[in-house]
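Step one of this worksheet: look at the structure below.
Residue numbers (this note's numbering): 235 to 521.
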């Protein structure tokens, strides 16, 4: 798929979702009284010197190759959980399972079926997906085929990888600075990206997945609900075969914030962002 096709799908998704959300108050950016999560990785200024120090540091880290199996499971099991709230054993296990399944599905160990299973692990917004499928498979825009959410996601997943010149995203990872931070929030939603940037963890340009679930959760908080979140960071290295020939494989911190879905009994992504120099494009829309 050409970049224009990806952009067309992006704007189709956003347009449909915004139409569904019309008339609803936008999320507040005010500070929250919830316990402020501890910084997981930082100390770098956002100026040129800080950026270079940041790059020098992550490029010096020892990395492990991402492969399905006991070694990766043990590495993720060793990541500490820092929480001011009591997580259930199911929530703790689910948090580690989410990261393991993400890394496997989008590494050389993964495949299209694993990627789609990962996307659909918390269900999909079937009404939204049906509208997107109908829109994209119309006579005017029929460059993707698929009559079901699963078929459509698989086609879109493959086209997204190919448009970025990749077979997968994750080659190696470091969890040296990683920690799962869990906390509860009521009333206001404050962006994880805003927090990370002010703490010097992501100097440079950021590529961010703007997820519709984020605004839905913010609206629930404003309505008086309390939601449980978890966030974490790890360093990843891109595949050598799809890296820049002269610069070689590049590394970036990968930041994810998840919210616990008590109905589906799973963690679901509400924020994801990376250094824009290392290409990542996930299909979390409608999830």
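We put the CB at the ideal spot given by N, CA and C, even for glycine.
Being a predicted model, the structure only gives us computed values, none of them experimental.
With distance defined between alpha-carbon atoms, name the residue in 424, 404, 495 nearest to residue 302.
Here residue 302 refers to the residue found at position 68 when the chain shown is read from its first residue. Residue 404 is the option with its Cα nearest to residue 302.
Below 8 Å, how does it come out for the segment 488–502 and the segment 443–462: are there three or more Cβ pairs, yes or no?
yes
In whole angstroms, what is the alpha-carbon distance linking residue 287 and residue 485?
In the chain shown, residue 287 corresponds to position 53, counting from 1. In the chain shown, residue 485 corresponds to position 251, counting from 1. Rounded to whole angstroms, residue 287 to residue 485 spans 14 Å at the Cα level.
Out of curiosity, what's the CA-to-CA distance linking residue 344 and residue 384?
Along the chain shown, one-based indexing puts residue 344 at 110. Along the chain shown, one-based indexing puts residue 384 at 150. About 17 Å.
Once you ignore the five residues that flank residue 426 on each side, which residues in its own chain have a CB closer than 6 Å to its CB?
Against the chain shown, residue 426 aligns to sequence position 192. Within the same chain, residue 426 has close Cβ partners 465, 491, 505.
First and last residue of the uninterrupted beta strand (DSSP E) at residue 494:
For the purposes of this step, residue 494 is taken as residue 260 along the chain shown, with counting starting at 1. Here the beta strand (DSSP E) through residue 494 covers 485–495.
Mind checking residue 304: buried by the 16 CB within 10 Å criterion, or exposed?
What you label residue 304 is simply residue 70 of the chain shown in a count that begins at 1. It counts as exposed.
Where the alpha helix (DSSP H) through residue 467 begins and ends:
Taking the chain shown and counting its residues from 1, one reaches residue 467 at position 233. Per DSSP, residue 467 belongs to no alpha helix (DSSP H); it is in the beta strand (DSSP E), 460–471.
Who are the Cβ neighbours of residue 338 in its own chain at under 6 Å, not counting the five residues just before and after it?
Numbered from its first residue, the chain shown carries residue 338 at position 104. Answer for residue 338: 302, 344, listed in chain order.
Option in 278, 387, 396 with minimal Cα separation from residue 292:
Position 58 of the chain shown, counted from the first residue, corresponds to residue 292. Residue 292 has its Cα closest to that of 278, out of 278, 387, 396.
Residue range of the unbroken beta strand (DSSP E) whose run includes residue 451
The residue you call residue 451 lines up with position 217 of the chain shown. For residue 451, there is no enclosing beta strand (DSSP E); the enclosing alpha helix (DSSP H) has its first and last residue at 446–456.
Beta-carbon within less than 8 Å of residue 451's beta-carbon, same chain only, minus the 5 sequence neighbours each way: which residues are those?
The residue you call residue 451 lines up with position 217 of the chain shown. Closer than 8 Å at the Cβ level, and outside the excluded window around residue 451, lie 423, 461, 493, 504.
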